[in-house]
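Those sequence lines, one after another, are chains V and D. Each residue of the first sequence is one higher than the one before, counting from 129 in the working numbering. Each residue of the second sequence is one higher than the one before, counting from 129 in the working numbering.
There are 2 protein chains.
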Amino acid sequence: VFAPPINRLITELSRFPGIGQRTAQRLAFHLLRVSDEEALALADAIREVKETVGECEVCFNLATESLCRICQDDRRDGHVLCVVEEPSDVIPIERTNEFNGRYHVLGGALSPIDGVDPEDLHLAELIERASADGVREVVVATNATTTGEATALYIADVLRERAPSVSVTRLASGLPVGSDLEYADEITLGRAVRARREL
Amino acid sequence: VFAPPINRLITELSRFPGIGQRTAQRLAFHLLRVSDEEALALADAIREVKETVGECEVCFNLATESLCRICQDDRRDGHVLCVVEEPSDVIPIERTNEFNGRYHVLGGALSPIDGVDPEDLHLAELIERASADGVREVVVATNATTTGEATALYIADVLRERAPSVSVTRLASGLPVGSDLEYADEITLGRAVRARREL
């Protein structure tokens, strides 16, 4: 039904995760409706981000220089490393204001089925950083999914061998704040019981 | 928290209707994650669509030439015009395969509160087309919203005066196919009762 340039735009928009054909069409028609200026501002922003944003040389977080903002900030505690799967995982942890250490971005989680093996992640660099002088703790903040958990166990194993003086910790599992017990799944609730704390 | 180019991209993405700050962030991180090639394909598609797609001179549908595909197609029946608010409204009607006439895109609906008056829409052009030789029917397919209904009534009024030989029709209101009576609102159900048909 559409002219080729519109089809092409819809196809490109539907590559976004969670954006189906229908939504992509709606977004495309939005871009057709707005001024050239507004639509091209998006095109330019995409181009600019791909030209200027790369990976931090140390932690693989997003960076516009060779080091990311956190690695450049000498008020951050270099004794504690927080390991996350993706750069986007840094933001929610920063928002908590509970962590003042540095990060290490793996670039994914181990998943043999999807062909993601240890050498596909920044694990060698993690081992090297963790074995360096002064690192006391590695907080593993991979997702609470099957692949995230498997990756956490792998990291704990490998660091126990390669950096035995470092303590490896994991984010706590438990009830989300504000949630009803009634709706908690049994695995989460089971973990919350085992990890109960004195009041 | 983000570098300026990432903030800019998030801002531009959040201009899409229905895309909040959170989703815009997710889309931005997707673009950061994919290859330069994939991200720039989207930027280029936006640019191309704004450069090549304009309005049909006759019906104001989207067009890559001076006339849209439908206005160029001489198998379409020029005796019947279907009036829609936006170019995106043409597609669902085309998909029904129930309409073989031509279109007229208004470019919105009348809404005095939002400052959309008759002269802001392609209404003068509609009157001119409807008064032309051979047009027998104008099907008003504006949305079933307050502004869409008001626009339909306005069109019926003005055409009664300016093109009295043309019959002006409106899409039927009624129960959506597959829907439960129980969940129908009373206005829809009331119209479905009034417009009941013999089986």
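Glycine included, each C-beta is placed from N, C-alpha and C at the ideal position.
{"Item": "The segment 172-190 of chain D: positions lying closer than 7 Å to chain V by Cβ", "Value": "Ala-173, Ile-174, Arg-175, Glu-176, Val-177, Lys-178, Thr-180, Val-181, Leu-190"}
{"Item": "Supposed close pair Leu-141/V, Leu-170/D - CB separation, criterion 8 Å", "Value": "7 Å"}
{"Item": "Counted within 10 angstroms of its Cβ, other Cβ atoms place Pro-240/V as buried (16 or more) or exposed", "Value": "exposed"}
{"Item": "Own chain partners of Ala-237/D with C-beta closer than 8 Å, once the 5 adjacent residues on each side are dropped", "Value": "Glu-213, Val-244, Leu-249, Thr-270, Asn-271, Thr-273, Thr-275, Gly-276, Ala-278, Thr-279"}
{"Item": "Meets three-Cβ-pair contact criterion under 8 Å: the segment 183-195 of chain D and the segment 158-168 of chain D", "Value": "no"}
{"Item": "Cβ contact check for the segment 202-209 of chain D and the segment 259-266 of chain D: 3 or more pairs under 8 Å", "Value": "yes"}
{"Item": "Assumed close pair Ala-152/V, Ile-138/V - CB separation to whole angstroms, cut-off 8 Å", "Value": "5 Å"}
{"Item": "Residue range of the alpha helix (DSSP H) that includes Leu-159/V", "Value": "149-161"}
{"Item": "Beta-carbon proximity of Leu-287/V to Ile-255/V, cut-off 8 Å", "Value": "yes"}
{"Item": "Residues of its chain near Gly-148/V, where Cβ-Cβ distance is below 8 Å and the 5 sequence neighbours each way are ignored", "Value": "Ser-142"}
{"Item": "Residue from Leu-303/D, Ser-295/D, Val-218/D whose Cα sits closest to the Cα of Ala-323/D", "Value": "Leu-303/D"}
{"Item": "Closest by C-alpha distance to Phe-130/V, when choosing among Glu-314/D, Val-177/D, Ala-320/D, Tyr-282/D", "Value": "Val-177/D"}
{"Item": "Within chain D, partners of Val-129/V - CB distance below 7 Å", "Value": "Ile-219, Glu-222"}
{"Item": "Where the beta strand (DSSP E) through Thr-297/D begins and ends", "Value": "295-298"}
{"Item": "4 or more residues per run - each alpha helix (DSSP H) lying fully within the segment 258-298 of chain D", "Value": "274-290"}
{"Item": "Rounded separation between His-158/D and Leu-195/D - CA only", "Value": "37 Å"}
{"Item": "Residues in the segment 224-245 of chain V having any Cβ partner in chain D nearer than 8 Å", "Value": "none"}
{"Item": "Where Ser-239/D falls: helix, strand or coil (DSSP)", "Value": "strand"}
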